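Reviewing the structure listed below.
2 protein chains.
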Amino acid sequence: MQNFDYQTPTRLIFGEGVVAQLPEVMSQFGKKILLTYGGGSIKKIGLYDKVKELLADYEIFELSGIQPNPKYDPSVLEGVRICKENDIDVILAVGGGSVLDCSKAIATGAKYDGDPWDLITYKAAATDAVPIVDIITLAATGSEYDPGGVISRTETNDKIGYVDPHNYPRVSFLDPTYTFTVSKKQTAAGCADAMNHIIEQYFCADSTLLNDGFMEAGLKSLMINAVKCLENPEDYTARAEMMLTCTYGCNGIYALGSSYSGWPCHGIEHALSAYYDITHGEGLAIITPRWMKHILSDKTVDRFVKYGVNVFGIDENQDKFDIANQAIKATYRFFESINIPMHLRDVGIDDSRIGEMAHHIAVNEGLEEAWAPLLESDLVEILTASL
Amino acid sequence: MQNFDYQTPTRLIFGEGVVAQLPEVMSQFGKKILLTYGGGSIKKIGLYDKVKELLADYEIFELSGIQPNPKYDPSVLEGVRICKENDIDVILAVGGGSVLDCSKAIATGAKYDGDPWDLITYKAAATDAVPIVDIITLAATGSEYDPGGVISRTETNDKIGYVDPHNYPRVSFLDPTYTFTVSKKQTAAGCADAMNHIIEQYFCADSTLLNDGFMEAGLKSLMINAVKCLENPEDYTARAEMMLTCTYGCNGIYALGSSYSGWPCHGIEHALSAYYDITHGEGLAIITPRWMKHILSDKTVDRFVKYGVNVFGIDENQDKFDIANQAIKATYRFFESINIPMHLRDVGIDDSRIGEMAHHIAVNEGLEEAWAPLLESDLVEILTASL
Numbered sequence: 001m002q003n004f005d006y007q008t009p010t011r012l013i014f015g016e017g018v019v020a021q022l023p024e025v026m027s028q029f030g031k032k033i034l035l036t037y038g039g040g041s042i043k044k045i046g047l048y049d050k051v052k053e054l055l056a057d058y059e060i061f062e063l064s065g066i067q068p069n070p071k072y073d074p075s076v077l078e079g080v081r082i083c084k085e086n087d088i089d090v091i092l093a094v095g096g097g098s099v100l101d102c103s104k105a106i107a108t109g110a111k112y113d114g115d116p117w118d119l120i121t122y123k124a125a126a127t128d129a130v131p132i133v134d135i136i137t138l139a140a141t142g143s144e145y146d147p148g149g150v151i152s153r154t155e156t157n158d159k160i161g162y163v164d165p166h167n168y169p170r171v172s173f174l175d176p177t178y179t180f181t182v183s184k185k186q187t188a189a190g191c192a193d194a195m196n197h198i199i200e201q202y203f204c205a206d207s208t209l210l211n212d213g214f215m216e217a218g219l220k221s222l223m224i225n226a227v228k229c230l231e232n233p234e235d236y237t238a239r240a241e242m243m244l245t246c247t248y249g250c251n252g253i254y255a256l257g258s259s260y261s262g263w264p265c266h267g268i269e270h271a272l273s274a275y276y277d278i279t280h281g282e283g284l285a286i287i288t289p290r291w292m293k294h295i296l297s298d299k300t301v302d303r304f305v306k307y308g309v310n311v312f313g314i315d316e317n318q319d320k321f322d323i324a325n326q327a328i329k330a331t332y333r334f335f336e337s338i339n340i341p342m343h344l345r346d347v348g349i350d351d352s353r354i355g356e357m358a359h360h361i362a363v364n365e366g367l368e369e370a371w372a373p374l375l376e377s378d379l380v381e382i383l384t385a386s387l
Numbered sequence: 388m389q390n391f392d393y394q395t396p397t398r399l400i401f402g403e404g405v406v407a408q409l410p411e412v413m414s415q416f417g418k419k420i421l422l423t424y425g426g427g428s429i430k431k432i433g434l435y436d437k438v439k440e441l442l443a444d445y446e447i448f449e450l451s452g453i454q455p456n457p458k459y460d461p462s463v464l465e466g467v468r469i470c471k472e473n474d475i476d477v478i479l480a481v482g483g484g485s486v487l488d489c490s491k492a493i494a495t496g497a498k499y500d501g502d503p504w505d506l507i508t509y510k511a512a513a514t515d516a517v518p519i520v521d522i523i524t525l526a527a528t529g530s531e532y533d534p535g536g537v538i539s540r541t542e543t544n545d546k547i548g549y550v551d552p553h554n555y556p557r558v559s560f561l562d563p564t565y566t567f568t569v570s571k572k573q574t575a576a577g578c579a580d581a582m583n584h585i586i587e588q589y590f591c592a593d594s595t596l597l598n599d600g601f602m603e604a605g606l607k608s609l610m611i612n613a614v615k616c617l618e619n620p621e622d623y624t625a626r627a628e629m630m631l632t633c634t635y636g637c638n639g640i641y642a643l644g645s646s647y648s649g650w651p652c653h654g655i656e657h658a659l660s661a662y663y664d665i666t667h668g669e670g671l672a673i674i675t676p677r678w679m680k681h682i683l684s685d686k687t688v689d690r691f692v693k694y695g696v697n698v699f700g701i702d703e704n705q706d707k708f709d710i711a712n713q714a715i716k717a718t719y720r721f722f723e724s725i726n727i728p729m730h731l732r733d734v735g736i737d738d739s740r741i742g743e744m745a746h747h748i749a750v751n752e753g754l755e756e757a758w759a760p761l762l763e764s765d766l767v768e769i770l771t772a773s774l
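What follows is the structure in structure tokens.
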């Protein structure tokens with residue numbers, strides 16, 4: 001078991017109607033709020049009006065139009081400008097993981113004198129951040145319970161995972177009813193994203209009985225509940241279980257004491273969405289089974305057997321590699337069953353930039369240090385198999 | 388799924404050698420430390436000297452002799468006095484759950500003008516606390532990751548669970564090597580305590596797939612690793628897995644969104660150790676299977692089936708009550724197999740005060756509101772069956 005240093009100070013307020021506590025929660029931070037959101041879905045579901053009504057006594061500035069795969073320019077830069085010019089006390093992010101990720105980069109950027117890109121690229125270390133509160137409207141990234149975000153810079157094809165402990169949200173409101181209107185496409189992509197978060201941590205050299213059972217339960221919960229949500233988008237219990245399971249995705253709790261895995265599928269997918277701006281969860285679903293097939297070996301097979309037996313209920317009295325291959329196939333088929341496009345060509349990616357992306361990943365993602373090391377040639381093979 | 392409000396801000400620093408970080412961690416709190424510990428086991432294992440050496444630059448006051456089932460008088464009162472007289476900046480609790488529980492009552496008591504018993508009995512609410520750091524030397528209570536403690540007052544036979552959010556430890560150091568010398572008796576009792584923490588949360592009206600899988604993995608991890616620890620007390624991985632699993636016991640994470648269970652076995656056991664000062668984990672192991680048998684009914688049987696199938700691997704193709712009874716027997720036999728005395732008479736308790744204890748529990752523990760409600764007559768039956 002590996003040593004670890006773990007702390008997740010975020011307060012989770014979970015359940016139907018909990019947003020009513022917003023005024024009381026916000027009162028501890030000050031009067032000037034930067035409200036951040038995306039394309040307007042929070043207006044359609046009435047959440048925008050609700051927030052404005054609840055916070056009528058506050059001075060609210062707004063940053064809207066934050067996109068999926070949130071952009072450094074204009075979103076982060078604009079948010080930092082608003083915070084600095086208006087001496088913002090607290091950021092209230094309302095939306096999915098992208099809105100929250102963007103808000104995190106704003107939070108530290110607003111307390112930094114130089115170019116916020118220095119922080120995102122770790123050229124400088126943040127010393128402070130504007131506090132963040134969020135109301136999450138999509139079960140997927142787990143950003144509501146971790147200190148990280150992913151920021152894209154279009155002109156350089158960079159999509160960078162930016163983690164800073166200053167950026168744990170202070171309070172995250174999770175009301176599953178706000179996910180009732182999430183489309184089937186985004187529900188499925190969110191499920192794939194959350195499943196991949198677990199898979200990235202499950203496949204490593206050394207885990208614990210507790211972590212493995214926790215993660216296996218998480219994977220089963222996501223698959224069972226995603227199907228229920230797709231069948232009946234207003235199934236409260238299914239939406240709630242999805243939401244809670246997603247929450248643990250990236251704060252490290254699934255892997256306390258485990259060996260580092262390298263998060264290879266995220267490393268690969270970040271290039272896909274940086275170059276082509278595809279839906280993150282769909283990119284992960286496409287890559288995951290191809291990556292699994294590529295790394296299956298004498299060294300890795302036992303983890304696949306455990307995964308196959310405990311997550312998919314595959315009969316353990318078979319050849320190890322047979323079990324592993326069935327597990328990989330079951331992973332693929334599950335994603336397919338929830339109507340995720342399972343080929344890169346289905347999401348508009350052809351073979352023309354595979355070499356370029358593989359090189360970008362090899363240079364930037366450190367995957368030669370992953371549990372199952374990936375060199376540039378491996379990346380080309382995985383991407384080609386995903387076409 | 389139930390609404391919840393959850394936050395565990397404690398930082399966990401886990402692994403062999405992590406105590407070396409103590410000076411850096413303590414430096415954020417100030418120079419005056421109250422070092423609390425128990426009967427001297429920390430001196431035998433060299434930890435006391437190590438702490439003193441690491442903190443040579445600090446002014447250290449000491450409160451030693453904190454007993455299992457820690458006592459309000461003298462330990463809490465004496466600790467509060469030392470804190471107040473010396474303007475203590477931080478409490479460093481070194482030992483097992485009892486030392487830490489006692490330190491929590493001291494922490495809030497030291498910032499309260501009246502009698503600390505007012506806080507413990509919720510007659511007054513704490514508004515502040517001396518920060519607490521701990522080095523835990525026993526895998527059992529989970530006090531290192533929760534805001535609660537249990538304090539006994541001998542003259543009134545009170546043993547009260549005292550929970551206050553001010554009392555989350557700021558930092559908990561968990562080095563599994565400090566548990567190598569824990570006796571077989573205490574290793575087994577710690578396992579039973581931690582197993583019961585999970586069982587108390589597992590048996591409720593409504594849980595989630597995720598919680599159930601997490602708890603089932605916790606129970607299996609505790610049983611497998613306790614046996615390893617008893618066979619080889621210096622098995623690092625087994626001690627480490629025990630330690631991590633125990634940590635989650637009482638901070639609520641195993642039951643996020645679950646219905647309230649009532650924690651009935653703890654309610655009963657608190658009377659046993661208040662009246663007879665027995666080892667808490669042993670009392671729980673004795674009570675648990677008798678409580679299970681008592682509450683088994685048409686209403687509860689399905690949870691027992693899930694428990695039996697998923698924790699003990701009992702064949703699910705049998706009559707529900709048969710599975711439940713096998714699961715209860717397996718629970719009993721596991722405790723027996725790790726040499727826990729499984730009758731009250733084995734720990735010095737006869738039938739002379741059963742009526743009195745049952746009445747005390749019925750009046751103080753609110754178990755008529757538990758998932759499987761317990762009236763005074765039920766308590767008499769469970770205690771009598773445990774003799």
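Residue numbers (this note's numbering), protein chains in the order written: chain A, 1 to 387; chain B, 388 to 774. Backbone N, C-alpha and C define an ideal beta-carbon position, used for all residues, glycine too. For clarity, every value in this text was computed on a predicted model and none was experimentally measured.
Short check: CB of residue i to CB of residue j, under 7 angstroms?
i	j	result
Gly-218 of chain A	Tyr-6 of chain A	no
Arg-290 of chain A	Phe-203 of chain A	no
Gln-713 of chain B	Ile-725 of chain B	no
Ile-120 of chain A	Leu-34 of chain A	no
Gly-548 of chain B	Val-558 of chain B	no
Ala-480 of chain B	Asp-521 of chain B	yes
Asn-398 of chain A	Glu-241 of chain A	Any property of residue 398 of chain A remains undetermined from this structure, which presents chain A solely from 1 to 387.
Thr-245 of chain A	Tyr-178 of chain A	no
Met-215 of chain A	Tyr-254 of chain A	yes
Ile-340 of chain A	Ala-140 of chain A	no
Hey, residue i and residue j are a contact pair by Cβ (cut 8 angstroms); roughly how many whole angstroms apart?
i	j	result
Pro-552 of chain B	Pro-534 of chain B	5 angstroms
Trp-758 of chain B	Ser-594 of chain B	At roughly 11 angstroms, the Cβ-Cβ gap does not stay under 8 angstroms, so Trp-758 of chain B and Ser-594 of chain B are not in contact.
Lys-249 of chain A	Ala-188 of chain A	The question names Lys, yet the displayed sequence has Gly at residue 249 of chain A. Not really, about 16 angstroms apart at Cβ, beyond 8 angstroms.
Leu-22 of chain A	Phe-173 of chain A	7 angstroms
Would you say residue i reaches chain B, if we count a Cβ-Cβ gap shorter than 7 angstroms as a contact?
i	result
Gln-7 of chain A	yes
Ser-221 of chain A	yes
Met-1 of chain A	yes
Phe-180 of chain A	no
Gly-213 of chain A	yes
Phe-429 of chain A	This structure leaves residue 429 of chain A out entirely; chain A is present only between 1 and 387.
Phe-29 of chain A	no
Phe-334 of chain A	no
For a cutoff of 7 angstroms on Cβ pairs, would you count residue i as touching chain A?
i	result
Met-582 of chain B	no
Glu-618 of chain B	no
Ser-559 of chain B	no
Thr-595 of chain B	yes
Leu-399 of chain B	yes
Gly-402 of chain B	yes
Met-413 of chain B	no
Ala-604 of chain B	yes
Gly-695 of chain B	no
Phe-699 of chain B	no
Phe-448 of chain B	no
So the alpha helix (DSSP H) residue i belongs to, where does it begin and stop?
i	result
Thr-395 of chain B	No alpha helix (DSSP H) holds Thr-395 of chain B; the beta strand (DSSP E) holding it covers 391-401.
Ile-286 of chain A	280-295
Gln-326 of chain A	320-337
Asn-225 of chain A	209-231
His-343 of chain A	No alpha helix (DSSP H) holds His-343 of chain A; DSSP gives it neither H nor E.
Cys-637 of chain B	No alpha helix (DSSP H) holds Cys-637 of chain B; DSSP gives it neither H nor E.
What residue range is occupied by the uninterrupted beta strand (DSSP E) comprising residue i?
i	result
Glu-449 of chain B	446-450
Asn-759 of chain B	Note that residue 759 of chain B corresponds to Ala in the displayed sequence, not to Asn. Taken as a continuous stretch (DSSP letters only), Ala-759 of chain B belongs to no beta strand (DSSP E), as it is neither H nor E.
Cys-479 of chain B	The sequence given here has Leu at residue 479 of chain B, not Cys. That run of the beta strand (DSSP E) goes 477-482.
Exercise. Run through the region 494-576 of chain B for me and flag every whole beta strand (DSSP E) of 3 or more residues, listed as ranges in chain order.
Key: Within the region 494-576 of chain B, the complete beta strand (DSSP E) runs of at least 3 residues are 519-523, 535-540, 545-550, 558-561.
Self-check item: Uninterrupted alpha helix (DSSP H) stretches inside the region 26-75 of chain A (no shorter than 4 residues)
Solution: Counting only runs of 4 or more, we get 41-44, 47-54.
Quiz item: Name the residues in the region 228-253 of chain A whose C-beta lies less than 7 angstroms from a C-beta of chain C; which are they?
Solution: Protein chains in the displayed structure are A and B, and chain C is not among them.
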